[in-house]
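S.K.:
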Ligand SMILES: Cc1cc2nc3c(=O)[nH]c(=O)nc-3n(C[C@H](O)[C@H](O)[C@H](O)COP(=O)(O)O)c2cc1C
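In the working numbering, the protein residues as written are 549 to 945.
Printed below as a string of structure tokens:
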């Protein structure tokens, strides 16, 4: 359902899109657009959601479904249900110490939280505030020393899984951010408009802008010189992220990381085979939530071929467009072991903090439970393409 100002919320958020609406109301426009938006015309971003919506579940009735099991294991970690909080850069601008709030919510729900390289809260802070260290997402910078240092820090706090993001060799254009003067050198007029946008959200200014110290990049304090604004940060990303990384560099990562290793950003079966050859433990079928190359396939469309290409040689995770537990069930039926959610938690933490993320996760779990029961399954292990009305989504349309 789409929301508009003449369609106000009722009393309590029920869905992930309700949290999106809450986030839209609470965040300065420039920040809401940063979390919400995608690259270029946002076709891939919309396709992630639209193609998932087109996958139909098969309703199977009169089976004994009195026991329904969602617990699983991913990369050696126990999960209460097959969902992981995806790395979201600059999440700490959505709410005060947002990474800590989300990591706590994830821990209470029994699922992993992935700390982004470009988080506001340092990996040490997140680890200190939780019992189980977060998984750590790594971007490789031109100065490999930073990456080695980050891996050492993640290892030191006990992160069990390193998620190496490989789809940011160059950065896709995000027109919303450009329109909001979030990149380059904004004119004085643009700066003034941005300032007005901030001050017209006094609650955000009080809770996050002043109270949350949102402009320090906890994992990159030494690396980002004067990380004082999103535009300075964007410039730094463009200059520092290393486009020369290849599959050969997986061996270098392995020298510095002895835990589980996952590559995030695979969208093609040939690349999936290269991931197998490189010896990683898992991959995430991802197009970065439609924030990188527009007009590439949705992840739900890419998933079945990739899952078939790698078989059980490594673990396949997926993200992109997951907005309910029914979407998670569809992803599992198409070959994923678990699904990551990105915007869902960014909206929930912006809209209602830790309690929002807890509620969002609880509703994903409740949705999965219902979908299992009404597809005649007693556990997520029983999910395969026979849980769907048609084996693939758009291939035959
Ligand atoms: C605001 C935002 C920031 C993101 N930052 C990162 C990041 O720092 N590292 C990364 O690997 N992926 C990042 N991603 C991509 C997510 O990890 C994930 O792939 C994507 O959000 C999944 O799509 P969904 O938002 O539709 O769930 C980001 C996504 C969003 C929306």
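We put the CB at the ideal spot given by N, CA and C, even for glycine. All values reported here derive from a predicted model rather than from experimental measurement.
Assess contact between the stretch 913–922 and the stretch 870–880, defined as three or more Cβ pairs (one per stretch) separated by less than 8 Å. Is contact present?
M.R.: Yes: the two stretches touch, three or more of their Cβ pairs being nearer than 8 Å.
S.K.: Of the choices 896, 656 and 763, whose alpha-carbon is the least far from that of residue 580?
M.R.: Out of 896, 656 and 763, 896 has the C-alpha closest to the C-alpha of residue 580.
S.K.: Using 7 Å as the cut-off, classify the Cβ of residue 870 as near or not near the heavy atoms of ligand 1, replying yes or no.
M.R.: Yes; taking the cut-off as 7 Å, the Cβ of residue 870 has a heavy atom of ligand 1 nearer than that.
S.K.: Could you check the C-alpha separation between residue 924 and residue 606 for me, to the nearest Å?
M.R.: Roughly 9 Å between the two C-alpha positions.
S.K.: Suppose you measure from the CA of residue 668 to the CA of residue 662; what does that come to, to the nearest Å?
M.R.: For residue 668 and residue 662, the distance between alpha carbons rounds to 13 Å.
S.K.: Does the beta-carbon distance from residue 898 to residue 574 come in below 8 Å?
M.R.: Cβ atoms of residue 898 and residue 574: closer than 8 Å.
S.K.: What I want to know is whether the C-beta of residue 894 ends up closer than 7 Å to one or more non-hydrogen atoms of ligand 1.
M.R.: Yes, the beta carbon of residue 894 sits closer than 7 Å to at least one heavy atom of ligand 1.
S.K.: Since residue 605 is in the beta strand (DSSP E), which residue starts that stretch and which ends it?
M.R.: Residue 605 -> no beta strand (DSSP E), and no H or E assigned at all.
S.K.: Identify the continuous beta strand (DSSP E) that holds residue 830 and give its terminal residues.
M.R.: Taken as a continuous stretch (DSSP letters only), the beta strand (DSSP E) holding residue 830 covers 830–833.
S.K.: Can you name, in chain order, every residue of its own chain whose Cβ lies under 8 Å from the Cβ of residue 666, other than the five neighbours on each side?
M.R.: These residues qualify, in order along the chain: 637, 638, 687, 765, 767, 768, 781 and 785.
S.K.: With C-beta atoms as the reference, is residue 674 less than 8 Å away from residue 627?
M.R.: Against a cut-off of 8 Å, the Cβ pair of residue 627 and residue 674 comes out as no contact.
S.K.: If I measure Cβ to Cβ from residue 839 and keep anything under 8 Å in the same chain, skipping five residues before and after, which residues do I get?
M.R.: 585, 586, 587, 593, 720 and 722, listed in sequence order.
S.K.: Evaluate the contact criterion for the stretch 878–886 versus the stretch 560–578: three or more CB pairs, one atom per stretch, below 8 Å.
M.R.: Judged by Cβ distances under 8 Å, the stretch 878–886 makes no contact with the stretch 560–578, as fewer than three pairs qualify.
S.K.: Using the Cβ count rule (16 or more neighbours within 10 Å means buried), how would you classify residue 624?
M.R.: It counts as exposed.
S.K.: Mark residue 770 as exposed unless 16 or more other C-beta atoms lie within 10 angstroms of its C-beta, in which case mark it buried.
M.R.: Looking at its Cβ environment, which holds fewer than 16 other Cβ atoms inside 10 Å, residue 770 is exposed.
S.K.: Would you say residue 622 touches ligand 1, meaning its beta carbon is less than 7 Å from a heavy atom?
M.R.: Not under cutoff, so the answer is no.
S.K.: Measure the CB-CB distance between residue 837 and residue 868 and report whether it falls below 8 Å.
M.R.: Yes; because the gap between Cβ atoms is below 8 Å, this pair is in contact.
S.K.: By Cβ distance, which residues of its chain are closer than 6 Å to residue 805, with the 5 residues on each side in sequence left out?
M.R.: Within the same chain, residue 805 has close Cβ partners 699 and 710.
S.K.: Within 7 Å: the Cβ of residue 836 and any heavy atom of ligand 1?
M.R.: Residue 836: yes, Cβ under 7 Å from ligand 1.
S.K.: Less than 7 Å separating the Cβ of residue 728 from some heavy atom of ligand 1?
M.R.: Not so, every heavy atom of ligand 1 lies at least 7 Å from the Cβ.
S.K.: Comparing the CB of residue 588 with every heavy atom of ligand 1, is any distance shorter than 7 Å?
M.R.: No, the Cβ of residue 588 stays beyond 7 Å of every heavy atom of ligand 1.
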